[in-house]
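Only one structure is covered here, and it is reproduced in the block below.
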Amino acid sequence: MKEDKIKDFIDLNRSEFDDIERPNLDQIWSSVENTIPEKRFPRIWIVFAFFGIALLGTLIYSNVRTMQKLNNLENYVLQSPTHKSEHERLIKLVSDKELEIKKQSIDKSQFEEIYQELEELELNQISIEKDFETYGNSEELMRTLFKHYERKTKILEILLLENEKRKYNEDINRHQI
Amino acid sequence: MQNIETNSEEQKLVLECIRGKKISCKKLYEKYSLAMYHTIIRMVPFKSDAEDVLQEVFIKVFQNLNAFKGQSTLGAWIKRITINTTLKHIRKNNRTDYFSNEDLPEIVHTKEDQVILDVKNIHEAIKKLPSGARVVINLYLLEGLKHKEIAEALNISESTSKSQYQRARKLLQTEIKLMINEGR
């Protein structure tokens with residue numbers, strides 16, 4: 144095989160051949176840099192981001208509305224000491240009656256009409272709360288709300304009385320048998 | 036083990052570049068640009084032309100990086116782009132066939148023993164060769180391509196590549212000797 148001194152020499156000193164001249168690499172880089180494709184988000188991330196923002200927006204909106212609703216009611220109640228005590232009294236009355244009913248085993252099927260009326264009252268309460276959202280605080284709305292609590296208390300009392308009556312009659316019937 | 040680590044580092048760098056992270060792009064550029072420049076300057080001897088080609092090479096690299104599948108090393112992939120871009124540049128700018136016999140003047144026979152070899156002299160002598168000889172010498176001696184690969188890159192036969200190389204080598208020896216004599 145024929146000797147190739149140049150090839151042998153280059154093979155031995157190969158790395159040195161890549162470090163002889165110094166071009167203006169920084170200047171070339173600045174031209175290259177401008178052509179690098181911009182960072183792009185995959186489409187799926189854009190979709191996720193969109194839904195994320197929409198969800199966050201809805202949560203914030205609903206939270207703000209709830210706070211406004213509570214604020215409307217509470218602010219008004221707090222502004223007037225009379226309203227505040229009356230509000231607390233009525234809410235306590237309703238919750239006491241509800242607790243009493245819970246303790247008794249009431250057969251709902253025997254008092255369908257009363258339970259229907261209680262469902263209507265629930266809808267009525269939602270409607271009053273909406274009115275607070277729409278019209279803000281007003282003396283008239285507060286009175287309506289108090290009347291609503293009073294009515295609810297009465298119906299719950301009726302339910303308790305009717306249930307007692309029913310139990311009493313059942314006992315008498317049992318003794319007669 | 037070191038190769039695996041290097042490959043995973045390289046893959047990470049490639050991924051970051053694809054995602055458009057400019058710091059990583061610059062890191063990649065700094066790692067390979069000087070070696071690629073020397074590949075170019077040995078085939079395109081004018082500095083400004085070589086810098087233009089280098090710029091074109093790295094624009095192509097960053098635009099096509101997602102086509103790099105890791106079948107070869109990143110360096111080999113960039114080197115392939117560099118050689119192809121440089122050959123394209125030579126074809127575009129040289130009116131004559133860059134590897135025709137017209138490129139190669141008559142050989143002045145010298146005794147190889149009389150030639151003193153030096154990295155800088157060889158580098159400068161390669162740059163002074165006619166373009167055809169320069170390309171063949173560079174691809175064979177410095178880029179390590181086989182005659183078959185050179186033949187494919189230049190669209191010539193393998194035997195032509197071999198004969199061109201022999202002629203180019205003699206020319207290079209003559210050129211080196213001339214440079215040494217001029218230096219004295």
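Here the protein sequences come in this chain order: W and S.
Numbered according to the working numbering, the first sequence spans residues 144 to 320.
Numbered according to the working numbering, the second sequence spans residues 36 to 219.
Glycine included, every Cβ here is placed at the ideal spot set by N, Cα and C.
Please read these numbers as outputs of a predicted model, since none were measured by experiment.
(1) Just checking: is the beta-carbon of Leu174 (chain S) within a distance shorter than 9 angstroms of some beta-carbon in chain W?
(2) Give the residues of chain S in contact with Ile149 (chain W), contact being defined as C-beta atoms less than 9 angstroms apart.
(3) Would you say Trp172 (chain W) reaches chain S, if we count a Cβ-Cβ gap shorter than 9 angstroms as a contact?
(4) Work out the CA separation of Ile196 (chain W) and Ile298 (chain W) for me, nearest whole Å.
(5) Near Thr117 (chain S), what residues of its chain come up, given a Cβ to Cβ distance below 7 angstroms and the 5 sequence neighbours on each side ignored?
(6) DSSP on Asp250 (chain W), reduced to helix/strand/coil?
(7) Keeping to the same chain, check which residues put their C-beta closer than 7 angstroms to that of Ile306 (chain W); ignore five residues upstream and five downstream.
(8) Kindly indicate which residue of W:Thr287, W:Ile257, W:Ser281 and W:Phe254 has the alpha-carbon position closest to the one of Ile269 (chain W).
(9) Going by DSSP in three states, Ile116 (chain S) sits in which element: helix, strand or coil?
(10) Would Ile125 (chain S) pass as a contact of Val79 (chain S) if the rule is Cβ separation under 9 angstroms?
(11) Hey, is Phe152 (chain W)'s beta-carbon within less than 9 angstroms of any beta-carbon in chain S?
(12) Pull up the distance between the alpha-carbon of Glu146 (chain W) and that of Ile157 (chain S), whole angstroms please.
(13) Taking only beta-carbon positions, decide if Asn156 (chain W) is within less than 9 angstroms of chain S.
(14) When you check each C-beta in the segment 56–67 of chain S against every C-beta of chain W, which residues fall closer than 9 angstroms?
(15) Are there 16 or more other CB atoms within 10 angstroms of the CB of Tyr204 (chain W), so buried, or fewer, so exposed?
(16) Given this structure, state the Cα-to-Cα distance separating Asp162 (chain W) from Ser198 (chain S), to the nearest angstrom.
(17) In chain order, what residues of the segment 80–98 of chain S put their CB closer than 8 angstroms to some CB of chain C?
(18) Mapping DSSP to helix, strand and coil, what is Ile189 (chain W)?
(19) Quick one: residues in its chain with C-beta nearer than 8 angstroms to the C-beta of Phe254 (chain W), no 5 flanking neighbours on either side, listed in chain order?
(20) Could you name the residues of chain W that Ala70 (chain S) contacts, counting a contact when the two beta carbons are closer than 7 angstroms?
(21) Consult DSSP for Asp147 (chain W) and reduce its assignment to one of helix, strand or coil.
(22) Would you verify that the beta carbon of Asn167 (chain W) is, or is not, closer than 9 angstroms to some beta carbon of chain S?
(23) Any beta carbon from chain S within less than 9 angstroms of Glu272 (chain W)'s own beta carbon?
(24) Just to confirm my understanding: we take Ile185 (chain S), look at its own chain, exclude 5 residues before and 5 after, and list those with CB closer than 7 angstroms. What are they?
(25) Taking Cβ positions only, does Gly105 (chain S) come closer than 9 angstroms to chain W?
(26) By how many angstroms is the C-alpha of Ile113 (chain S) removed from the C-alpha of Tyr67 (chain S)?
(27) Chain W beta carbons: is any one of them nearer than 9 angstroms to that of Arg77 (chain S)?
(28) Would you kindly work out how many angstroms separate the C-alpha atoms of Glu51 (chain S) and Leu100 (chain S), rounded to a whole number?
(29) Taking the alpha carbon of Arg169 (chain S) as the point to measure from, which residue in S:Lys183, S:Leu122 and S:Ile191 has its own alpha carbon closest?
(30) Could you list which residues in chain S have their beta carbon closer than 9 angstroms to that of Glu181 (chain W), in chain order?
(31) Any idea what DSSP makes of Asn156 (chain S), helix, strand or coil?
(32) List the whole-angstrom C-beta distance separating His291 (chain W) from Asn267 (chain W), where the pair is believed to meet the contact cut-off of C-beta under 8 angstroms.
(33) Please list, in chain order, all residues of the same chain as Leu207 (chain S) whose beta carbon is under 7 angstroms from its beta carbon, the five residues on each side excluded.
(34) Return no unless some Cβ of chain W is closer than 9 angstroms to the Cβ of His73 (chain S).
According to the data block:
(1) Counted from its first residue, the second sequence places residue 174 (chain S) at position 139. For Leu174 (chain S), the answer is no, since every Cβ of chain W falls outside 9 angstroms of its Cβ.
(2) Against the first sequence, residue 149 (chain W) aligns to sequence position 6. Contact of Ile149 (chain W) with chain S by beta-carbon distance below 9 angstroms involves Glu147, Val150, Leu152, Ile157, Ile172, Leu176, Arg204, Leu207, Gln208 and Ile211.
(3) Sequence index remark: in the first sequence, residue 172 (chain W) carries index 29 (1-based). The beta carbon of Trp172 (chain W) falls within 9 angstroms of a beta carbon belonging to chain S, placing the residue at that interface.
(4) Taking the first sequence and counting its residues from 1, one reaches residue 298 (chain W) at position 155. Taking the first sequence and counting its residues from 1, one reaches residue 196 (chain W) at position 53. Straight-line measurement puts the Cα of Ile196 (chain W) at about 46 angstroms from the Cα of Ile298 (chain W).
(5) As a working note, residue 117 (chain S) is residue 82 in the second sequence. Excluding residues within five positions, the ones whose Cβ falls inside 7 angstroms are Met71, Thr74, Ile75 and Val92.
(6) Locating residue 250 (chain W) in the first sequence gives position 107, where the first residue counts as 1. It is coil, neither helix nor strand.
(7) As a working note, residue 306 (chain W) is residue 163 in the first sequence. Going by the sequence as given, residue 306 (chain W) is Asn instead of Ile. So the qualifying residues of the chain are Gln247 and Ile249.
(8) Working through the first sequence from its first residue, we reach residue 269 (chain W) at position 126. From the listed residues W:Thr287, W:Ile257, W:Ser281 and W:Phe254, the smallest Cα separation to Ile269 (chain W) is found for W:Thr287.
(9) By one-based count along the second sequence, residue 116 (chain S) stands at place 81. Residue state, collapsed to three classes: helix.
(10) Within the second sequence, numbered from 1, the residue matching residue 125 (chain S) stands at position 90. Within the second sequence, numbered from 1, the residue matching residue 79 (chain S) stands at position 44. Their beta carbons are under 9 angstroms apart, which means Ile125 (chain S) touches Val79 (chain S) by this criterion.
(11) Along the first sequence, read from residue 1 onward, the residue named residue 152 (chain W) stands at position 9. True, the Cβ-Cβ gap to chain S drops below 9 angstroms.
(12) Position 3 of the first sequence, counting from 1, holds the residue named residue 146 (chain W). Position 122 of the second sequence, counting from 1, holds the residue named residue 157 (chain S). Distance between the alpha carbons of Glu146 (chain W) and Ile157 (chain S) is about 18 angstroms.
(13) As a first step, residue 156 (chain W) is located in the first sequence; it is residue number 13 there, counting from the start. Closer than 9 angstroms: yes.
(14) Those would be Lys56, Lys57, Cys60, Lys61, Tyr64 and Glu65, in chain order.
(15) For the purposes of this step, residue 204 (chain W) is identified with residue 61 of the first sequence, where counting begins at 1. By the 10 Å Cβ count, Tyr204 (chain W) comes out exposed.
(16) Stepping through the first sequence from its first residue, residue 162 (chain W) is reached at position 19. Stepping through the second sequence from its first residue, residue 198 (chain S) is reached at position 163. Rounded to whole angstroms, Asp162 (chain W) to Ser198 (chain S) spans 30 angstroms at the Cα level.
(17) Looking at the structure shown, chain C is missing, and the protein chains on hand are W and S.
(18) Position 46 of the first sequence holds residue 189 (chain W). Helix.
(19) Counting from 1 along the first sequence, the entry for residue 254 (chain W) is found at position 111. Scanning its chain for C-beta atoms nearer than 8 angstroms, with the 5 sequence neighbours on each side dropped, one finds around Phe254 (chain W) the residues Leu302, Glu305 and Asn306, in chain order.
(20) Reading the second sequence from its first residue, position 35 is the one you call residue 70 (chain S). Simply Asp161.
(21) The residue given as residue 147 (chain W) occupies position 4 in the first sequence. The answer is coil: DSSP assigns Asp147 (chain W) none of H, G, I, E or B.
(22) Sequence index remark: in the first sequence, residue 167 (chain W) carries index 24 (1-based). Using a CB distance cut-off of 9 angstroms, Asn167 (chain W) counts as an interface residue toward chain S.
(23) For this step, residue 272 (chain W) is matched to residue 129 along the first sequence. No - not a single Cβ of chain S is within 9 angstroms of the one on Glu272 (chain W).
(24) Your numbering for residue 185 (chain S) matches position 150 in the second sequence. The residues Val171, Leu174, Tyr175 and Ser196, in chain order, have a CB closer than 7 angstroms to that of Ile185 (chain S) in the same chain once the five nearest residues on each side in sequence are set aside.
(25) As a working note, residue 105 (chain S) is residue 70 in the second sequence. Judged by the 9 angstroms Cβ criterion, Gly105 (chain S) is not in contact with chain W.
(26) Here residue 67 (chain S) is taken as the residue at index 32 of the second sequence, counted from 1. Here residue 113 (chain S) is taken as the residue at index 78 of the second sequence, counted from 1. One C-alpha to the other measures close to 8 angstroms.
(27) Locating residue 77 (chain S) in the second sequence gives position 42, where the first residue counts as 1. True, the Cβ-Cβ gap to chain W drops below 9 angstroms.
(28) Start at 1 with the first residue of the second sequence, and residue 51 (chain S) comes out as number 16. Start at 1 with the first residue of the second sequence, and residue 100 (chain S) comes out as number 65. Distance between the alpha carbons of Glu51 (chain S) and Leu100 (chain S): 10 angstroms.
(29) By one-based count along the second sequence, residue 169 (chain S) stands at place 134. It is S:Leu122.
(30) What you label residue 181 (chain W) is simply residue 38 of the first sequence in a count that begins at 1. Gly55, listed in chain order.
(31) Your numbering for residue 156 (chain S) matches position 121 in the second sequence. Helix.
(32) Counting from 1 along the first sequence, the entry for residue 291 (chain W) is found at position 148. Counting from 1 along the first sequence, the entry for residue 267 (chain W) is found at position 124. With a Cβ gap of about 6 angstroms, His291 (chain W) and Asn267 (chain W) count as contacting.
(33) Here residue 207 (chain S) corresponds to residue number 172 of the second sequence, with the count starting at 1. The residues Ala160, Ile161, Leu164 and Ile172, in chain order, have a CB closer than 7 angstroms to that of Leu207 (chain S) in the same chain once the five nearest residues on each side in sequence are set aside.
(34) The count along the second sequence starts at 1 and reaches residue 73 (chain S) at position 38. So yes, His73 (chain S) belongs to the interface.
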